[in-house]
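Trainee: My structure is below; once you've seen it, I'll send some questions.
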Ligand code: 9Z3
């Protein structure tokens, strides 16, 4: 008899993907965070953000990566916080981060000035931030501090595909205690391919061996156990990225049919900052950033989050009210 699918994925996770050493500790932190905010009547969203690193050698010199900057996740986190959610921000190490993401392109040293106050020693001088170089810095800093003091943002980092898979499973289990109040917003760009640890060379692959040929395996579809077993009552949103817009919606619908979750945010690589489609089993909403929005510095994430938070409220009342 065929083994149940979940057992297969759990088995694969344990066998072929090394768990980060502190996964249990992080799971407890996430469970405590969810319990606290759930008890306070708050909804909790788990945002995944950034790309994944897939090592080609155990003592890793080389790895497969992808384009994702983490801006979608970082910016969305701010809008979720503004909508009253508590946020677990599961993000790629050094990818963009809520509140600081606006300033990611800025050279810090070009934006600061030294005021020496007449003395010669650097210790007695003051460093002044130019508000021109950091637009809206006072407002953003004050909001960041507010969020931090209220304990509304729990940042958790991953680097490799293995870290990501184990931490997402831990997060799903940790959030299962708050049922439909939990939302999963899976914006990270996760590799579809990997080299199992059993097949990975220990040392740096030698170029003296000639051209490199690698066979990669398919990454198990983590959405399946997440929806069916780990957090079956949660509101789950996946993202679908394509470069060919003609297959986008069909792919998004395919994912909904396969995994039976609540919505797919579909986007195309080149236009992802200004156009997405939120696809649900019954509906399809095009979200577009107009020229007027751009002038007013509205971001597409504001529209995505507003669409999904509304749908999440309806979901809670309808299914578990
Ligand atoms: C997305 O589609 C995100 O919107 C982006 C955001 C990664 C494009 P940035 O980080 O970009 O702001 O630079 N995320 C999911 C992409 C993905 O890999 N989905 C897979 C697929 O489409 C599986 S879930 O098959």
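Residue numbers (this note's numbering): 4 to 324. We put the beta carbon where it would ideally sit given N, CA and C, even for glycine.
1) Whole angstroms is fine: what's the gap from residue 23's alpha carbon to residue 206's?
2) Can residue 279 and residue 256 be called in contact, C-beta distance under 8 Å?
3) Sort 293, 35, 126 by Cα distance to residue 117 and report the nearest one.
4) Check each candidate in 40, 13, 93 and name the one with the smallest Cα separation from residue 29.
5) Taking the alpha helix (DSSP H) that residue 36 falls in, what are its first and last residues?
6) What is the residue span of the alpha helix (DSSP H) that residue 258 lies within?
7) Give me, in chain order, the residues of the same chain whose beta-carbon lies closer than 8 Å to that of residue 272; leave out the 5 immediate sequence neighbours on both sides.
8) To the nearest angstrom, how far is it from the Cα of residue 166 to the Cα of residue 159?
9) Considering only their Cβ atoms, is the gap separating residue 225 from residue 265 smaller than 8 Å?
10) Is residue 53 near the ligand 9Z3, judged by its Cβ being under 7 Å from some heavy atom?
11) Looking only at its chain, what residues have a beta carbon closer than 6 Å to the beta carbon of residue 65, apart from the 5 residues adjacent to it on each side?
12) Can you have a look at residue 6 and say buried or exposed, based on whether 16 or more other CB atoms are within 10 angstroms of its CB?
13) Where does residue 115 sit, in a helix, a strand or coil, going by DSSP?
14) Looking at C-beta atoms only, is the number of pairs between the region 70 to 85 and the region 298 to 308 that lie closer than 8 Å three or more?
15) Quick one: Cα of residue 267 to Cα of residue 260, how far?
16) Quick check: is the beta carbon of residue 145 nearer than 8 Å to any beta carbon in chain B?
17) Could you spell out the range, first to last residue, of the beta strand (DSSP E) harbouring residue 156?
18) Please go through the region 139 to 195 and give each complete alpha helix (DSSP H) segment of 4 or more residues, from N-terminal end onward.
19) With a 10 Å radius around its C-beta and 16 neighbouring C-beta atoms as the bar for buried, classify residue 9 as buried or exposed.
20) In the DSSP assignment, what are the bridge partners of residue 241?
21) Three or more C-beta pairs closer than 8 Å, one from the region 12 to 26 and one from the region 193 to 207: is that the case here?
22) Among residues of its own chain, excluding the 5 on either side of residue 34, which ones have a beta-carbon nearer than 7 Å to its beta-carbon?
23) Pick out whichever of 203, 186, 54 has its Cα sitting closest to the Cα of residue 80.
24) To the nearest angstrom, report how far apart residue 191 and residue 54 are at their CA atoms.
25) Among 213, 262, 152, 248, which has the Cα closest to the Cα of residue 235?
26) Compute the Euclidean distance between the alpha carbons of residue 242 and residue 189, then round it to the nearest angstrom.
27) In the DSSP assignment, find the alpha helix (DSSP H) that holds residue 297 and state where it starts and stops.
28) Reducing DSSP to helix, strand and coil, say where residue 51 ends up.
29) Between which two residues does the alpha helix (DSSP H) harbouring residue 82 extend?
30) Looking only at its own chain, which residues have a Cβ that is under 7 Å from the Cβ of residue 140, when we skip the five neighbours before and after it?
Mentor: The relevant details are as follows:
1) When rounded, the distance between both Cα atoms is 21 Å.
2) no
3) 126
4) 93
5) 26 to 42
6) 251 to 262
7) Excluding sequence neighbours, residue 272 sits near 70, 244, 245, 246.
8) 11 Å
9) no
10) Yes, the ligand 9Z3 has a heavy atom inside 7 Å of this Cβ.
11) 59
12) The predicted model places residue 6 with a pLDDT of 46, which falls under 50 and marks its position as unreliable; any figure quoted below should be read in that light. Burial state of residue 6 is exposed, judged by a 10 Å Cβ sphere holding fewer than 16 other Cβ atoms.
13) strand
14) yes
15) 11 Å
16) Of the protein chains in the structure, only one exists, and it is not chain B.
17) 156 to 161
18) For the region 139 to 195, whole alpha helix (DSSP H) runs of length 4 or above, ordered along the chain, are 140 to 152, 164 to 178.
19) Below a pLDDT of 50, predicted positions are generally treated as unreliable, and residue 9, at 44, falls in that range; the measurement from the model is reported next regardless. Residue 9 comes out exposed.
20) 189, 267
21) yes
22) The answer, listed in chain order, is 177, 180.
23) 186
24) 6 Å
25) 262
26) If you take the alpha carbons of residue 242 and residue 189, they lie about 6 Å apart.
27) 294 to 298
28) strand
29) 74 to 85
30) 132, 134
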